[in-house]
Amino acid sequence: MRFSSVTMASMLAISVGMSVAGPAWAAAEDAEQQAEPQDAIGNDIVVTARRREERLQDVPVAVTAIGEKLLDQRAIKTTEDLRYSVPSLQVAPSPFGTVVPGYTIRGQRQLEQLITQDPSVGVYFADVVQQRPHGTNSALYDLSSVQVLKGPQGTLFGRNTTGGAVLFVPNAPSSELGGSASIAVGNYNLRRGTVVLNVPITDNLFIRGSGQITRRDGYNLNLTTGQRVDDERTESARFSVRWQPMETITNDTIFTYFHERDNGNGLIITAVRPNQPNDTAGTLTQLAAAREALLRQQGRSMHVIENNHPSSAYVDSYQIINTTKLDLSDTMSLKNIMGFRHVRSIVSLDFDGSPATLFHTRNDLNSDQFSNEIQLSGTSLSDRLNWIGGFYYFRESGDDIQNSVLGSPRINDGYGRNTSVSAYLQGGYKLTDKLTLTAGGRYTFDTRFLIARSKIGDPPTCRLTDENGVKLNPCSKTVSTGFESPTWTVGLDYKPDSDTLVYLTHRRGYRSGGWNLRSLTPLNFVPFKPEYVTDVEAGFKVDLFDRRLRINAAAYHQWYRDIQRTISATVPGSNPPTVATNVVNAASAKIYGGEIEIVARPIDLFEFGANAAYMHEKYDKFEDSVGDLSGNRFTLAPRFQGSAYARVNLPLAADQGEAGIQLGVYHQSSMEASDINTPFPLKPYTLLDLTANWNRVMGSPVDVSFFIKNLTDKEYTTSAIAQYGDRAGLRFGGGAQAETIGAPRTIGVEMKVHFGSGV
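Residue numbers (this note's numbering): 10 to 768.
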């Protein structure tokens, strides 16, 4: 659920990575040792941000972790809900809609989830990267915890990323027989059922199954098509097996499945560009229709829209993960992590958000990925040195097709194949009992292969041309290239006592270059370069007053170069105006800011928590094919976001269960709709939430919870498709700016029944 807002005023942004939540991410490989996530201040929250189990308060990086109990208590049911509890994290619909979430950490985000581009933020499930985020909002049930790592992840995690990582850790099978079943109902005809069953087959073989089905009517009414859009119709399942043939061997296998088929996202029109001298008669007609729709929209609720292109969302995804751990000795272990994932997705959207036909799209992805990581870890020198090293292999291939209307019908069609191979080593050495030096490095080799097959018109003709402008026949062009880079981390941390940590760290992150899926001419078929981030982060983590107050904070500064950005704008001098979309490398930018998280429990019956993030981001130099964007702000990156909550725990006897009520508030500042900053940024907004829960009601195996999200029914938007143009009016896009619509007030109640051990 959403919480929020603490005012954070320091020009020197404090960056804090603390867990207002509770126990954190524990790796699947060591799940048998996982403690039940707790929310009391001072508990030894365990995280695996450095690929080994550590107390959160001992980890010298900015991390936020949310345990299973807190996920339920805060009614966090989708990935978008995470941003209300995690400072510097934004999760909002990508250009492909809610079913393809877009993750942003500290301002770094991949705009489009195309197979030719790597993500800025890595998403992991049970240690395996989810390279395409399609359907990742299915993961938020039967989890041990969620962990968010902030800053470049260039050493220990499988795929290099420049922004950070989001880790989902499922509950592992255990030796206890038990389970639970829950049902939730709410307004908009919400119905959600979840089941979990854990069964020990023998003394060394355990299985666990879980699943969830959700049905909900759409929040928004599309007057043009009659659809209720932004609905939800999903099914997901998970089956896990743990086998321990010997005391020193643990083998975990996980199979997951996710399916969604619903009406997709509607968009609301918020701006229409002026006419251009070279606009065709057809374009002028569509722009006029869009302006009329904009006037109508401004006179009614955001939740009633006019989109003439029917929206839809379909995702089918499954994966299998196998993790084997072998304890070679008391101080050394070997682990292998293998994963395969398939994604099939078809998403259709009306990008202009109006009954005009300015920009419509249908995106079709069919991809497979395989990864394998082998790692050796241990301690040496009388436990003064802890270390981990390994090799990583990743391969992804598939077809990515975009059928769009942008001025005219066009098909951007490509088959991509991406391969990454890397080796890494990291260690931490205790210089003294209180001072530790950490250093690590990784070297990565990436290859990128593309077969482009783009067409335009009705009937479609080839868009690809040779050096003389002659269309290719057959309509296909094959290109390949490779990249390589070192990345690293170096840090010092000082721990004067068990309740205090101060640290300083420096890191380098890397995101592979690649090909522009929409390349048309030999001039376009030049790969965009890798991007790099180097940072410095300083922070502290402290528990005070007998661990009744916890404050975790950090400040950071990032130097960002060769930034990969997707830019759409009218080609200068084109007649009629032609919109081109290209991936380009912005020259450079600096980002500085921070986060802070606080939890206080002055008495057992009352708890207060707050978090805040401030970020200053701006392009130092950014020149693309249509002009100079230097000084512009980043897309969908609020300068401030914050949350706060107050919880009252009811004074019940131990045999009556645990109950409490919580009020939370979240606020974020305005965001730019595009890297070509338009005159119409997304507006700031504040949300209130209320939750109440009673676990083990009167000593029974029943839990009951109640939630109201967006208590005041605030109307707001969360992301945008900007085809308007720039603020100076020097260049224009396809015609309109449209935005995705935030959820209205939602009310629901959930009942869960435990049986057996009550997992």
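A virtual CB, placed ideally from N, CA and C, is assigned to each residue, including glycine.
Sub-9 Å separation of R247 and S219 beta-carbons: yes
Please list, in chain order, all residues of the same chain as V542 whose beta carbon is under 6 Å from its beta carbon, the five residues on each side excluded. P161, T171, G518, Q567 and Y569
Can you give the Cα-Cα distance for S245 and E405, rounded to whole angstroms? 23 Å
Using DSSP with H/G/I as helix, E/B as strand and the rest coil, what is Q665? helix
Helix, strand or coil: which one does DSSP assign to G777? Absent from the structure is residue 777, since the part of the chain shown begins at 10 and ends at 768.
Who are the near neighbours of T456 in its chain, counting only those whose CB is closer than 6 Å to its CB and skipping five residues on each side? T428 and G491
Spatial neighbours of Q99 within its chain, please: C-beta separation below 6 Å, excluding the five flanking residues on both sides. R92 and T113
Check for me: the alpha helix (DSSP H) holding L79 runs from which residue to which? E77 to Q82
Taking 9 Å as the threshold (C-beta atoms), are W396 and L459 in contact? no
Does DSSP put N146 in a helix, a strand or coil? helix
DSSP state of W34 mapped onto helix, strand, coil: Caution is warranted here: a pLDDT of 29 is assigned to W34, below 50, making its placement in the model unreliable, and no coordinate value can be reported.
So S463 and D422 are in contact, right, with Cβ under 8 Å, and what is the actual spacing, rounded? 6 Å
Please state whether DSSP places R118 in a helix, a strand or coil. strand
Identify the continuous beta strand (DSSP E) that holds H318 and give its terminal residues. Here H318 belongs to no beta strand (DSSP E), and DSSP marks it neither H nor E.
State yes or no: is the C-beta of H312 within less than 9 Å of the C-beta of L232? no
Run through DSSP, which three-state label would Q677 get? strand
At a cut-off of 8 Å, would you count R60 as near the ligand NAD, judging by its Cβ distance to the nearest heavy atom? Only the bare structure without any ligand can be found here, which leaves the ligand NAD out of the picture.
Could you give the distance in angstroms between the alpha-carbon of V488 and the alpha-carbon of G202? 47 Å
Is the CB-CB distance between Q732 and R305 below 9 Å? no
The stretch 696-716 contacting the stretch 325-345, beta-carbon criterion three pairs below 8 Å: no
CB of Q117 within 9 Å of CB of Q126, strictly: no
Taking only the alpha-carbon atoms, compute the straight-line gap between S357 and V208 and give it to the nearest angstrom. 41 Å
Please tell me whether N196 and Q236 are closer than 9 Å, where the distance is taken between their beta carbons. no
By DSSP, does D240 sit in helix, in strand, or in coil? coil
Is there contact between the stretch 466-479 and the stretch 434-451, where contact requires at least three CB pairs shorter than 8 Å? no
Between H515 and P647, what straight-line distance do the alpha-carbon atoms span, to the nearest angstrom? 24 Å
Do S354 and V137 have their C-beta atoms within less than 9 Å of each other? no
When the distance is taken between beta carbons, is F166 closer than 9 Å to A135? no
Run the CB neighbour count on F549, radius 10 Å, all protein chains shown included, and call it buried at 16 or more, exposed below. buried
Mind checking which residues open and close the beta strand (DSSP E) that includes S728? T726 to A731
Give me the residue from E301, S191, F554 and D359 with the minimum Cα distance to R610. F554
Who are the Cβ neighbours of D373 in its own chain at under 6 Å, not counting the five residues just before and after it? I355 and I410
Rounded to the nearest angstrom, how far is the Cβ of L335 from that of T265, given a contact under 8 Å? Actually they do not touch by this definition, with Cβ atoms about 25 Å apart.
Just to confirm my understanding: we take T259, look at its own chain, exclude 5 residues before and 5 after, and list those with CB closer than 6 Å. What are they? Q253 and K334
Can you tell which of L80, A58 and A74 has its C-alpha closest to the C-alpha of F716? L80
Through-space distance from G387 to Q42, alpha-carbon basis: Confidence at Q42 is low in this model, with a pLDDT of 37, below 50, so its placement is unreliable and the value that follows should be read with caution. Spanning the two alpha carbons is a distance of roughly 17 Å.
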